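Peer 1: Just so you know, my numbering puts the end of the sequence shown at 304, numbered straight through with nothing missing.
The beta carbon of each residue, even a glycine, is placed where N, CA and C say it ideally should be.
Nothing here was measured: the structure is a model prediction, and the numbers come from that model.
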Amino acid sequence: EEEKEEFLDQLITMEILLQEAERQGLAKEKEVQEQIAINKEKRREILIQELVEKVTGNVEVSIEELRALYEEVKAEIPEKSFEEVKAQLKTYLIQQKQNKKLEEKIEEMRSTARITKNEEWLKTQRLATTDNPLDQAFKKGRPVLADFGRGVCIPCKQMKPILEELAAEYKGKASVLIIEIDQYRALTRRYSIRLIPTQIFFDAQRKEVYRHEGFMSKESMKEKFEEMGVK
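(1) Rounded to the nearest angstrom, what separates Ala241 and Lys174 at their Cα positions?
(2) Which of the three DSSP states is assigned to Asp220 in this structure?
(3) Under 8 angstroms Cβ to Cβ from Asn112, same chain only, skipping five residues before and after it: list those, please.
(4) Checking 8 angstroms against the spacing of the C-beta atoms, do Ala247 and Val282 come in under that value?
(5) Enumerate in chain order the residues of its own chain whose CB-to-CB distance from Leu260 is below 7 angstroms, with the five nearest sequence positions on each side excluded.
(6) Looking at the unbroken beta strand (DSSP E) that takes in Glu286, where does it start and where does it end?
(7) What does the Cβ neighbour count give for Met87, buried or exposed, with the cut at 16 atoms within 10 Å?
(8) Should Gln171 and Thr129 be called a contact, given that it needs their Cβ atoms to be closer than 8 angstroms?
(9) Here's the rule: buried if 16 or more other CB atoms are within 10 angstroms of the residue's CB, otherwise exposed. What is Gln272?
(10) Let me know the secondary structure DSSP gives Thr272 once reduced to three states.
(11) Output the residue ranges of the alpha helix (DSSP H) runs that lie fully inside the segment 230-275 and measure 4 residues or longer, sorted by chain position.
(12) Can you find a CB in chain B that lies within less than 8 angstroms of the CB of Gln169?
(13) Between the alpha carbons of Ala148 and Leu142, how many angstroms are there, rounded?
(14) Under DSSP, the alpha helix (DSSP H) around Arg186 begins and ends at which residues?
(15) At which residue ranges does the segment 82-117 contain complete alpha helix (DSSP H) runs of 4 or more residues, listed in the order of the chain?
(16) Quick one: what's got a C-beta closer than 8 angstroms to Ile227's C-beta in the same chain, skipping five residues either side?
(17) Measure the beta-carbon distance from Phe221 to Ile179 and round it to whole angstroms, keeping in mind my assumption that it falls under 8 angstroms.
(18) Please report the straight-line C-alpha distance between Lys291 and Ala94, rounded to a whole angstrom.
(19) May I ask you to report which of helix, strand or coil DSSP gives Ser293?
(20) When the Cα atoms are used, what is the spatial distance from Gln97 to Glu126?
(21) Where Phe155 and Val132 are concerned, what is the direct C-alpha to C-alpha distance, given to the nearest angstrom?
(22) Got a sec? Which residues, its chain only, sit under 8 angstroms from Gln169 by beta carbon, not counting five neighbours each side?
(23) Tyr243 and Phe298 - do their beta-carbons sit closer together than 8 angstroms?
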């Protein structure tokens, strides 16, 4: 089952993070020791959180990056000036960069860790598991546009009604999906989603033909469908 595989991967990731925190000697730091002394049963969580904060710290966002993001989304929020949404855009970009740094660190640690799993069981479960929107859409034998995002992110919110319009327009010709990364973590990992939103276009043979990160306009998505022969 996908849930079992997901749970196993989470356990492995947490164990790798804990081992790295121990290796870096974070448990010897005074502030960490004080936290553990107060909540001894939370030692594992405290060390992992300390490592995460260390890995994702010192993330900065330039004014140029903020303005670039604003240019991407301003068509959808014409009533909002740059100054009005600058703080929200900064929070969003910082979260994106932090998530990317953490994912890269986890991948780096997993690549060097010795992990022993029942691969035969996992292979069987992977083959048997198609209980997600993307694999269900693939069965229809049509092109697919999958938008990976999170309901709370600004560009994701702005794209939702656009994607719903496209889903209606291309009904019977292509599938347009909105995939919540928190709900489908295994699917998110399968396609190595680093930033949200990320749009992936698949042809009728399930092959990825195009990928875009960030806000994507309706016109751009329709152009991509036309390039794929979907009209």
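Peer 2: The short version:
(1) The alpha-carbon of Ala241 is positioned some 37 angstroms away from that of Lys174.
(2) Residue state, collapsed to three classes: strand.
(3) Answer for Asn112: Ile119, listed in chain order.
(4) With respect to the 8 angstroms criterion, Ala247 and Val282 are not classified as neighbours on the basis of their beta carbons.
(5) Non-local C-beta neighbours of Leu260 in its own chain, meaning closer than 7 angstroms and more than five positions away in sequence, comprise Asn205, Leu207 and Ile252, ordered along the chain.
(6) Per DSSP, Glu286 belongs to the beta strand (DSSP E) from Glu281 to Glu286.
(7) Burial call: exposed.
(8) Going by C-beta atoms, Gln171 is nearer than 8 angstroms to Thr129.
(9) Buried, because 16 or more other Cβ atoms sit within 10 Å of the Cβ of Gln272.
(10) First, the amino acid is wrong: residue 272 is Gln here, not Thr. Looking at Gln272 - three-state DSSP - the assignment turns out to be strand.
(11) Runs of the alpha helix (DSSP H) inside the segment 230-275: 258-263.
(12) Note that chain B does not occur in the displayed structure, where there is just one protein chain.
(13) Each residue's alpha carbon lies about 11 angstroms from the other.
(14) What sits at residue 186 in the sequence shown is Ala, not Arg. First-last for Ala186: undefined, no H or E at that position.
(15) Those alpha helix (DSSP H) runs which fall completely within the segment 82-117 and span 4+ residues are 103-111.
(16) Correct list, in chain order: Val146, Val158, Gln161, Leu162 and Tyr165.
(17) About 18 angstroms separates the two Cβ atoms, so there is no contact after all.
(18) Lys291 and Ala94 have their C-alpha atoms spaced approximately 44 angstroms apart.
(19) Correct three-state label for Ser293: helix.
(20) Whole-angstrom Cα-Cα distance: 13 angstroms.
(21) In a straight line, the C-alpha of Phe155 is about 21 angstroms away from that of Val132.
(22) Only Leu268 and Ile269 meet the Cβ criterion.
(23) With a cutoff of 8 angstroms on beta-carbon distance, Phe298 and Tyr243 are scored as near each other.
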